[in-house]
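Student:
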Amino acid sequence: MWIKARTVRLLMPVAALLFLGLALLIRAVDDGALRQYSGTALYGSMVWAAVLFLVPRMAPVPVGIIATVFCWAVEIAQLTGLPAELSERSLAARLALGVQFDPVDLAWYPVGVVPLVVLHHLACAHHRRARLPLPQPAD
Numbered sequence: 001m002w003i004k005a006r007t008v009r010l011l012m013p014v015a016a017l018l019f020l021g022l023a024l025l026i027r028a029v030d031d032g033a034l035r036q037y038s039g040t041a042l043y044g045s046m047v048w049a050a051v052l053f054l055v056p057r058m059a060p061v062p063v064g065i066i067a068t069v070f071c072w073a074v075e076i077a078q079l080t081g082l083p084a085e086l087s088e089r090s091l092a093a094r095l096a097l098g099v100q101f102d103p104v105d106l107a108w109y110p111v112g113v114v115p116l117v118v119l120h121h122l123a124c125a126h127h128r129r130a131r132l133p134l135p136q137p138a139d
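If you count the sequence shown from 1, position 99 lands on 99 in the numbering used here, and the numbers rise without skipping.
The structure is reproduced here in structure tokens:
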């Protein structure tokens with residue numbers, strides 16, 4: 001990545017807070033499918049921001065893969081009942097780990113991650129082009 005790691009580390013918590021704010025706003029105005037699925041997608045977006053915060057120079061596709069696999073692992077862990085047990089004791093655990101497995105969620109995590117991977121790729125490409133030397137005129 002060609003943006004300074006410090007800048008990425010400053011931007012990713014802001015991005016995560018924006019994703020969280022959007023999820024809470026949707027939750028406040030809708031109690032149906034939009035609330036459920038947008039929350040799942042935006043959880044994936046927050047995980048993407050966390051991965052990029054931890055490894056700010058990582059290329060876009062690996063960031064997206066790690067974020068998606070992490071989300072899938074958390075979802076599949078719900079089959080064990082352990083996240084539900086932890087969620088009974090802690091609101092933070094409930095928000096981070098969920099309660100019950102929903103196979104549909106496995107498809108919604110990438111919905112929150114893939115657009116960010118594309119934007120990340122475009123930003124990297126833009127910075128690469130901006131850093132290339134200008135062509136010199138022929139004599």
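Where a beta carbon is used, it is the ideal one built from N, C-alpha and C, also for glycine.
Tell me which residues share the same chain as W72 and place their Cβ nearer than 7 Å to its Cβ, disregarding the 5 neighbours each side in the sequence.
Tutor: The residue you call residue 72 lines up with position 72 of the sequence shown. These residues qualify, in order along the chain: L106 and Y109.
Student: Flag this pair as touching only if the segment 40–58 and the segment 7–22 have three or more C-beta atom pairs under 8 Å; answer yes or no.
Tutor: These segments touch.
Student: Compute the beta-carbon to beta-carbon distance between R9 and P56, rounded to the nearest angstrom, for a pair I have assumed lies under 8 Å.
Tutor: What you label residue 9 is simply residue 9 of the sequence shown in a count that begins at 1. What you label residue 56 is simply residue 56 of the sequence shown in a count that begins at 1. Correct: roughly 6 Å between the Cβ atoms.
Student: If we ignore side chains and look at the alpha-carbon of each, how far apart do L91 and L97 end up?
Tutor: Stepping through the sequence shown from its first residue, residue 91 is reached at position 91. Stepping through the sequence shown from its first residue, residue 97 is reached at position 97. Going from the Cα of L91 to the Cα of L97 covers about 10 Å.
Student: Helix, strand or coil for D105, going by three-state DSSP, please let me know.
Tutor: By 1-based counting over the sequence shown, the position of residue 105 is 105. Looking at D105 - three-state DSSP - the assignment turns out to be helix.
Student: Short of 6 Å in beta carbon distance, which residues of its chain neighbour L111, apart from the five on each side in sequence? Order them along the chain.
Tutor: For the purposes of this step, residue 111 is taken as residue 111 along the sequence shown, with counting starting at 1. Per the sequence shown, the amino acid found at residue 111 is Val instead of Leu. Excluding sequence neighbours, V111 sits near A41.
Student: With H, G and I counted as helix, E and B as strand and the rest as coil, what does DSSP make of Q100?
Tutor: Within the sequence shown, the letter at position 100 stands for residue 100. Of the three classes helix, strand and coil, the one that applies to Q100 here is coil, per DSSP.
Student: Please say whether L116 and S45 have beta carbons closer to each other than 8 Å?
Tutor: Residue 45 sits at position 45 when you count from the first residue of the sequence shown. Residue 116 sits at position 116 when you count from the first residue of the sequence shown. Contact: yes.
Student: Cα separation between A93 and L122?
Tutor: By 1-based counting over the sequence shown, the position of residue 93 is 93. By 1-based counting over the sequence shown, the position of residue 122 is 122. Cα-Cα distance, rounded: 34 Å.
Student: Residues in its own chain within less than 6 Å of R27 by CB, not counting five upstream and five downstream?
Tutor: Indexing the sequence shown from 1 puts residue 27 at position 27. R35, listed in sequence order.
Student: Only counting runs of 4 or more residues, tell me where the alpha helix (DSSP H) segments fall wholly within the segment 38–88, in order along the chain.
Tutor: Runs found: 60–77.
Student: Alpha carbon to alpha carbon, what distance is there between T80 and P13?
Tutor: To locate residue 13, count along the sequence shown from 1; it is residue 13. To locate residue 80, count along the sequence shown from 1; it is residue 80. Approximately 30 Å, taken between the alpha carbons.
Student: Return the residue from the list Y43, L11 and R6 that minimises the CA-CA distance to P24.
Tutor: Counting from one through the sequence shown, the residue named residue 24 turns up at place 24. Sequence check: residue 24 is Leu here, not Pro. Nearest of Y43, L11 and R6 to L24, Cα basis: Y43.
Student: Around the Cβ of I76, are there at least 16 other Cβ atoms within 10 angstroms (buried) or fewer (exposed)?
Tutor: Mapped onto the sequence shown, residue 76 falls at position 76. Flag for I76 reads exposed.
Student: Under a three-way DSSP split, which group does G32 fall into?
Tutor: The sequence position of residue 32 within the sequence shown is 32, counting from 1. Coil, per DSSP.
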